Amino acid sequence: MKKQIIDFRIIDRKMLAGDRYALLKLVVADGSQLPEGIRAGQFAQVDAGCKGVMLRRPISINKIDYATGELWLLVRDAGRGTHAITRLSEGDMLNMVLPLGNTFSYPAAGSKVLLVGGGVGVAPMLQLGIELKAMGTDPVFLLGARSQTDLLELDEFSRTGKVHVTTEDGSMGVRGFVTDHPAMNERYDMVYCCGPAPMMKSVARSARKSGSACEVSLENMMACGLGACLCCVEKTVKGNVCVCTEGPVFNIDQLTWN
Amino acid sequence: MELNLSVDLGRGLKLKNPVMTASGTFGYGEEFADFINLDKLGGYIVKGTTLNPREGNDYPRMAETPSGMLNAVGLQNKGVDYFIREIYPRIQRFDSAMVVNVSGASPDDYAEVCRRLAPLDGVAAVEVNISCPNVKQGGMAFGTTCEGAAAVTRAVRAAFPRHVIVKLSPNVTSVTDIALAAEAEGADSVSLINTLMGMAIDVERRRPCLSTITGGLSGPAVRPVAVRMVWQVAKAVKIPVIGLGGITCGRDALEFIMAGATAIEIGTANFIDPAVTVKAVEEITDYCHRHGISDIAELRGII
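Just so you know, the sequences run in chain order A and B. Under the numbering used here, the first residue of the first sequence carries the number 1, and numbering increases by one thereafter. Under the numbering used here, the first residue of the second sequence carries the number 1001, and numbering increases by one thereafter.
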């Protein structure tokens, strides 16, 4: 799939969870079609376009709708670059390099799958759920957050599949971490996970215990996103590999996590 | 008006224009083939290659800093034999001068890598990295003394029959002395600057930003230092100088050319705009047309 540098225009921006996240809906600025074949798990290198930020920021694809030509990004305000991106307005342009990285793997139709997302890590799970559903697999989501107000895009997830929730303060769903939810004890054909590293490691351990296959999406710091700078490496059974090209999605069997 | 952008660096290294890519920022070229036509580049310098495979340093290896970035990759690569077997056949197709950046822990290491590259006609030149700040053995150790630079250049000169570029470190008291030492041992050209040694601290975590604590600074932040050093070296040596350090566009490239560089390399800017190299060629072309220049040589070393 050809990687491209494209100007997008923001047609809608919603702040979520007390201004710490923005949901951006974008279309190609010149009105042309979205690049074909963008899939769940892939990401874009986004030019924050602000003073003092030089490198692009990798942001995963939250949703892509070829019928409407919309691409959604869910962005956490995590520093100067992402702060600037969350503060853009409708009509603003956003330059992106995409599509980058690999995709989640797709199980046979009718497989039993669990899609686990924590914090802004829920972002790729929405598009993955949409794709799985279209392929005849019912997605079951397990979404974790600190508190009810931190849960992102619950309406979108509910529209796509069954949703389990955990909150650390118990304000919604099961109290605790995602791994405290009983759904985590079942065996799945595949557990997909994206979130903070400690959460993914803990989900990976749970998946191993229940005999489930497991794929995680990593977000190591990167400069180029193209496999050229060799900065975003993750230790794997094959040695150091670039998360931007060999990932961001890895089967946990490829990683050296214990 | 007919414009001649081609440059001749000597011993067979002729470029259709002065724009090349800096080692370690452009992979093997093919990573950028979706964005640009590589045939439009003067040359491309592939990732630092060593005798044996190297895993490089631990993560994190990168930190963004004001108008620049620190890196501590540590020469991760699969070794020269892998390059010859797997990569070289794939990237030969580009109609642009291929240069292989070479590194080692001893002069013999450098020489052996060059000996293995010598039979590959598609490798127009080697760029000898005596300036990597991110490896414990070799690297910058050779580039910070005249004796070290001379020893590596001598070894490579004997092992490689085509053009030899020696890449210099800015982390020295007198870069011209090192350049002269390389020239005396038969370097066909020198390229500068490699990264400036730097360091950044995450004060919230009270930890260094890089796993190696220190790393190499690149990007626009280093450009004035690089232009100054290119100007000094170009005045001191007779061989061509290749300028690099924070070039992001044609204008930046022209600074180096006016300071005395025959060719230039674009590095960190590839990370931000994967099409920057071809744009720089277009911008240099535009500049020459606007200023009535018919040969890029008219601008070289005018300061």
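No residue lacks a Cβ here, since even glycine has one placed at the ideal position from N, Cα and C. Small disclaimer: the values here were computed from a predicted structure and weren't measured.
Contact criterion: CB-CB distance below 8 angstroms. Does residue 1145 (chain B) meet it with respect to chain A? Here residue 1145 (chain B) corresponds to residue number 145 of the second sequence, with the count starting at 1. No - not a single Cβ of chain A is within 8 angstroms of the one on residue 1145 (chain B).
Counting Cβ pairs closer than 8 angstroms, one from the region 108 to 117 of chain A and one from the region 189 to 200 of chain A, do we hit at least three? yes
Practice prompt. Out of A:60, A:31, A:146, A:81, state which residue places its alpha-carbon closest to the alpha-carbon of residue 7 (chain A).
Written response: Locating residue 7 (chain A) in the first sequence gives position 7, counting from the first residue. If we check each option's Cα against that of residue 7 (chain A), A:31 comes out closest.
Could you pull the DSSP bridge partners for residue 145 (chain A) from this structure? By 1-based counting over the first sequence, the position of residue 145 (chain A) is 145. Looking at the DSSP output, residue 145 (chain A) sits in a beta bridge with A:167.
(Q) Counting only beta-carbon separations shorter than 8 angstroms, does residue 1025 (chain B) have a partner in chain D? (A) No chain D appears in the structure shown, which is made up of the protein chains A and B.
Checklist entry - So is residue 1280 (chain B) in contact with chain A if we call contact Cβ pairs under 8 angstroms? => result Position 280 of the second sequence, counted from the first residue, corresponds to residue 1280 (chain B). False, the Cβ-Cβ gap to chain A never drops below 8 angstroms.
- Message: Under 8 angstroms, Cβ to Cβ, is there at least one residue of chain A near residue 1183 (chain B)?
- Response: In the second sequence, residue 1183 (chain B) corresponds to position 183, counting from 1. No, its Cβ sits nowhere closer than 8 angstroms to a Cβ of chain A.
Cβ neighbours of residue 156 (chain A) in the same chain (closer than 7 angstroms, five flanking residues each side left out):
On the first sequence, residue 156 (chain A) is found 156 positions in, with the first residue counted as 1. Once the five neighbours on either side are set aside, the close Cβ partners of residue 156 (chain A) are 126.
**Asked** Which whole-angstrom value describes the C-beta separation of residue 1101 (chain B) and residue 1045 (chain B), a residue pair presumed to lie in contact below a C-beta threshold of 8 angstroms?
**Response** Counting from 1 along the second sequence, the entry for residue 1101 (chain B) is found at position 101. Counting from 1 along the second sequence, the entry for residue 1045 (chain B) is found at position 45. Right, their Cβ atoms sit about 5 angstroms apart.
### Task
Return the CA-CA distance between residue 1025 (chain B) and residue 1246 (chain B), expressed in angstroms with no decimal places.
Sequence index remark: in the second sequence, residue 1025 (chain B) carries index 25 (1-based). Sequence index remark: in the second sequence, residue 1246 (chain B) carries index 246 (1-based). If I take the Cα positions, the gap works out to 12 angstroms.
Closer than 6 angstroms by C-beta to residue 108 (chain A): which residues in its own chain qualify, once you throw out the five before and the five after it? Chain order, please.
-> Taking the first residue of the first sequence as 1, we reach residue 108 (chain A) at position 108. Contacts found: none.
Under 8 angstroms between C-beta atoms, does residue 1097 (chain B) make it to chain A? Position 97 of the second sequence, counted from the first residue, corresponds to residue 1097 (chain B). Not an interface residue.
Quiz item: Thinking C-alpha only, which one of A:251, A:195, A:48 is nearest residue 1272 (chain B)?
Solution: Working through the second sequence from its first residue, we reach residue 1272 (chain B) at position 272. Nearest option by C-alpha distance: A:48.
Taking Cβ-Cβ distances shorter than 8 angstroms, what residues in chain A pair up with residue 1298 (chain B)? Here residue 1298 (chain B) refers to the residue found at position 298 when the second sequence is read from its first residue. Those within 8 angstroms of residue 1298 (chain B) in chain A number zero; the least Cβ separation is about 33 angstroms.
Margin query: Quick check: the Cα distance between residue 214 (chain A) and residue 255 (chain A), rounded to an integer number of angstroms?
Written below: What you label residue 214 (chain A) is simply residue 214 of the first sequence in a count that begins at 1. What you label residue 255 (chain A) is simply residue 255 of the first sequence in a count that begins at 1. The alpha-carbon atoms of residue 214 (chain A) and residue 255 (chain A) are separated by roughly 11 angstroms.
Where do the N-terminal and C-terminal ends of the alpha helix (DSSP H) with residue 1304 (chain B) fall, by residue?
-> For chain B, the structure presents residues 1001 to 1303; residue 1304 (chain B) sits outside this window and is missing.
Exercise. Please state if the CB of residue 1250 (chain B) and the CB of residue 1280 (chain B) are separated by a distance shorter than 8 angstroms.
Key: One-based indexing of the second sequence puts residue 1280 (chain B) at position 280. One-based indexing of the second sequence puts residue 1250 (chain B) at position 250. Result yes, Cβ atoms of residue 1280 (chain B) and residue 1250 (chain B) sit closer than 8 angstroms.
Counting C-beta neighbours from all protein chains within 10 Å, is the total for residue 105 (chain A) 16 or more, i.e. buried, or is it exposed?
Translated into the one-based positions of the first sequence, residue 105 (chain A) becomes position 105. It is exposed - the Cβ of residue 105 (chain A) has fewer than 16 other Cβ atoms within 10 Å.
Exercise for review: Report the residues of the region 96 to 121 of chain A with a CB closer than 7 angstroms to any CB of chain B, ordered along the chain.
Suggested key: Contacts with chain B (Cβ-Cβ distance below 7 angstroms) from the region 96 to 121 of chain A involve 97, listed in chain order.
Just list the beta strand (DSSP E) runs in the region 16 to 103 of chain A, keeping only unbroken ones of 3 residues or longer that don't cross its boundaries, in chain order. 21 to 28, 43 to 46, 57 to 65, 70 to 76, 93 to 100
Is the beta carbon of residue 1073 (chain B) sitting closer than 8 angstroms to the one on residue 231 (chain A)?
Locating residue 1073 (chain B) in the second sequence gives position 73, counting from the first residue. Locating residue 231 (chain A) in the first sequence gives position 231, counting from the first residue. Taking 8 angstroms as the Cβ cut-off, residue 1073 (chain B) and residue 231 (chain A) qualify as a contacting pair.
Where does residue 45 (chain A) land, buried or exposed, given buried means 16+ other C-beta within 10 angstroms?
By one-based count along the first sequence, residue 45 (chain A) stands at place 45. Buried.
- Query: Under three-state DSSP, which class holds residue 7 (chain A)?
  - Reply: Working through the first sequence from its first residue, we reach residue 7 (chain A) at position 7. Reduced to three states, the DSSP call for residue 7 (chain A) is strand.
Any chance the region 1074 to 1087 of chain B sits against the region 1053 to 1060 of chain B, with 3 or more Cβ pairs inside 8 angstroms? yes
Checklist line | Under 8 angstroms between C-beta atoms of residue 1111 (chain B) and residue 1162 (chain B) | finding: Along the second sequence, one-based indexing puts residue 1111 (chain B) at 111. Along the second sequence, one-based indexing puts residue 1162 (chain B) at 162. Taking C-beta atoms as the reference points, residue 1111 (chain B) and residue 1162 (chain B) fail to come closer than 8 angstroms.
Within chain B, partners of residue 240 (chain A) - CB distance below 7 angstroms: Locating residue 240 (chain A) in the first sequence gives position 240, counting from the first residue. Within chain B, the residues near residue 240 (chain A) are 1055, 1056, 1076.
Worksheet entry | residue 71 (chain A) versus residue 1132 (chain B): straight-line alpha-carbon distance, rounded | Position 71 of the first sequence, counting from 1, holds the residue named residue 71 (chain A). Position 132 of the second sequence, counting from 1, holds the residue named residue 1132 (chain B). Each residue's alpha carbon lies about 41 angstroms from the other.
* To do: Would you kindly report the start and end of the unbroken alpha helix (DSSP H) that includes residue 199 (chain A)?
  => As a working note, residue 199 (chain A) is residue 199 in the first sequence. First-last of the alpha helix (DSSP H) with residue 199 (chain A): 197 to 210.
Nonlocal neighbours in the same chain, by C-beta distance under 8 angstroms from residue 1213 (chain B), ignoring five residues either side: Taking the first residue of the second sequence as 1, we reach residue 1213 (chain B) at position 213. Only 1199 meet the Cβ criterion.
- Would a check of beta-carbon distances place residue 234 (chain A) closer than 8 angstroms to chain B? Position 234 of the first sequence, counting from 1, holds the residue named residue 234 (chain A). At least one CB of chain B lies nearer than 8 angstroms to the CB of residue 234 (chain A).
Check: Using DSSP with H/G/I as helix, E/B as strand and the rest coil, what is residue 1270 (chain B)?
Finding: What you label residue 1270 (chain B) is simply residue 270 of the second sequence in a count that begins at 1. Helix at residue 1270 (chain B).
Notebook entry, point to check: Per the contact definition of three or more C-beta pairs closer than 8 angstroms, is the region 132 to 148 of chain A in contact with the region 71 to 89 of chain A?
Noted result: no
How would you list, in chain order, the residues of chain A whose beta-carbon sits under 8 angstroms from the beta-carbon of residue 1062 (chain B)?
Taking the second sequence and counting its residues from 1, one reaches residue 1062 (chain B) at position 62. Here the neighbours are 221, 222, 223, 229, 231, 232.
**Study point:** residue 1122 (chain B) versus B:1107, B:1083, B:1108, residue with shortest Cα-Cα distance
**Key:** The sequence position of residue 1122 (chain B) within the second sequence is 122, counting from 1. If we check each option's Cα against that of residue 1122 (chain B), B:1083 comes out closest.
**Asked** Taking DSSP as the reference, what is the three-state secondary structure of residue 1160 (chain B)?
**Response** Here residue 1160 (chain B) corresponds to residue number 160 of the second sequence, with the count starting at 1. DSSP places residue 1160 (chain B) in coil when its eight states are reduced to three.
- Residue of B:1289, B:1134, B:1237, B:1032 minimising C-alpha distance to residue 97 (chain A): Counted from its first residue, the first sequence places residue 97 (chain A) at position 97. Nearest option by C-alpha distance: B:1032.
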